[in-house]
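One structure is given here, and the rest of the page talks about it.
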Amino acid sequence: MANLLGVPYGQVVAAAAIPSLLYYLSLLAHVDLYAAKHGLKGLPRAELPPFGLALLRALPFLLVLGFLVLGLLYLRIERQAPFYALGLLLLLLALQRRLALSLLYKGLVAASSLISQTLALILPVGLILAGIVGTGVAPALTGALIQVGQDNLFLVLLLGVALAFLMGMAGVMVAAYILLAVTLAPALVRLGEFPPLVVHLFIAYWSMLSAITPPVAIAAFLAARLAGAPPMAASLEAVRLGLAIYFLPFFFSNPPWPSRELLPLSSTMFCWQA
395 MANLLGVPYG QVVAAAAIPS LLYYLSLLAH VDLYAAKHGL KGLPRAELPP FGLALLRALP
455 FLLVLGFLVL GLLYLRIERQ APFYALGLLL LLLALQRRLA LSLLYKGLVA ASSLISQTLA
515 LILPVGLILA GIVGTGVAPA LTGALIQVGQ DNLFLVLLLG VALAFLMGMA GVMVAAYILL
575 AVTLAPALVR LGEFPPLVVH LFIAYWSMLS AITPPVAIAA FLAARLAGAP PMAASLEAVR
635 LGLAIYFLPF FFSNPPWPSR ELLPLSSTMF CWQA
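With this note's numbering, the residue at position 185 of the sequence shown is 579, and numbering never jumps.
Rendered as structure tokens:
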């Protein structure tokens with residue numbers, strides 16, 4: 395997103411911080427209300443590990459996370475930072491003698507499998523994207539969206555939601571976002587009501603939501619498999635838990651309708667979520 399917009403990575407992080415924080419606060423409220431309703435309590439203090447020991451075990455991951463943030467925000471090494479962070483993590487784990495060769499081998503095999511599967515999914519979308527950009531279809535699609543919307547911002551947003559959701563069904567959010575960034579984003583920006591960064595965040599949010607929304611809900615189905623739960627029931631529960639994120643893109647997009655008209659609806663949805 396930062397590369398497509400030509401803005402610093404920190405600016406994107408700052409813009410996404412408040413919506414993300416609101417979403418996690420809604421999850422925290424849900425967990426707290428659920429625990430209060432069912433009388434759930436935390437572990438007794440005697441069963442908790444010592445704070446110093448827990449901090450020592452988590453120290454490698456905290457240091458790597460700090461280095462990753464430093465590299466992305468201040469050192470401006472966006473492409474190299476993940477590789478350097480991985481090397482630092484392996485070094486710290488080796489110093490703590492927590493990295494056995496067998497575990498390293500299994501990790502490399504799992505990572506190779508994940509990378510190959512991801513590339514197999516992204517490559518076709520990349521070819522489609524190259525065709526759209528190279529043949530000039532992107533400007534035509536942008537004009538078609540504006541013509542269908544007839545300067546109706548809400549209708550154009552709904553069309554954007556549908557496109558982002560359908561593209562995200564492929565399971566690769568990044569590929570769906572990139573494809574929509576060159577087709578849908580210019581249409582919304584040309585209407586003159588939305589800043590480019592807001593448009594790209596709107597597309598990114600809705601590209602992710604198909605991962606938890608039926609009928610595809612890839613992330614929810616994978617979680618159901620790990621938990622031994624029914625897939626469709628798990629996806630519906632994921633929708634309920636993530637209900638707040640369905641409304642956040644519309645609120646931070648500075649819509650032409652009064653936000654106070656949506657506040658009662660969002661409050662009702664939050665109560666149902668809880």
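No residue lacks a Cβ here, since even glycine has one placed at the ideal position from N, Cα and C.
Subject >> Outcome for Gly400 when other beta-carbon atoms lying within 10 angstroms are tallied against a minimum of 16 >> reply: exposed
Subject >> Sufficient close CB pairs (3 or more, under 8 Å) joining the region 478-485 to the region 453-469 >> reply: yes
**OP:** Please report how far the alpha carbon of Gly433 lies from the alpha carbon of Pro444, in whole angstroms.
**Re:** 26 Å
**OP:** With a 10 Å radius around its C-beta and 16 neighbouring C-beta atoms as the bar for buried, classify Leu642 as buried or exposed.
**Re:** buried
Subject >> Between the CA atoms of Ile639 and Leu419 - distance to the nearest angstrom >> reply: 11 Å
Original post:
Exposed or buried, what is Pro580 when buried is set at 16 or more other beta-carbons lying within 10 Å of its beta-carbon?
Top reply: buried
**OP:** Give me the Cα-Cα distance between Tyr403 and Leu498, rounded to the nearest whole angstrom.
**Re:** 31 Å
**OP:** Thinking Leu591 and Ala409 are a contact (beta carbons under 8 Å), I'd like their distance in whole angstroms, please.
**Re:** 5 Å
**OP:** Could you check the C-alpha separation between Leu442 and Arg451 for me, to the nearest Å?
**Re:** 14 Å
Subject >> For Gly404, the three-state DSSP class (helix, strand or coil) >> reply: helix
Original post:
Do Ser669 and Leu574 have their C-beta atoms closer together than 8 Å?
Top reply: Residue coverage of the chain in this structure runs from 395 to 668, which leaves residue 669 outside it and unanswerable.
**OP:** Tell whether a beta-carbon distance below 8 Å holds between Ala598 and Ala605.
**Re:** no
Subject >> Gly530 versus Gly537: straight-line alpha-carbon distance, rounded >> reply: 12 Å
**OP:** Could you check how far apart the C-beta atoms of Ala627 and Ala617 are, in whole angstroms? I think they sit under 8 Å.
**Re:** 11 Å between Cβ atoms; not a contact.
Subject >> First and last residue of the uninterrupted alpha helix (DSSP H) at Leu489 >> reply: Ala475 to Leu489
Original post:
Would Met395 pass as a contact of Val407 if the rule is Cβ separation under 8 Å?
Top reply: no
Original post:
Run through DSSP, which three-state label would Tyr468 get?
Top reply: coil
**OP:** Just tell me which of Lys435, Leu637, Arg634 and Val610 has its CA closest to the CA of Pro625.
**Re:** Val610
Original post:
Which class does Leu399 belong to by DSSP, given the choice of helix, strand or coil?
Top reply: helix
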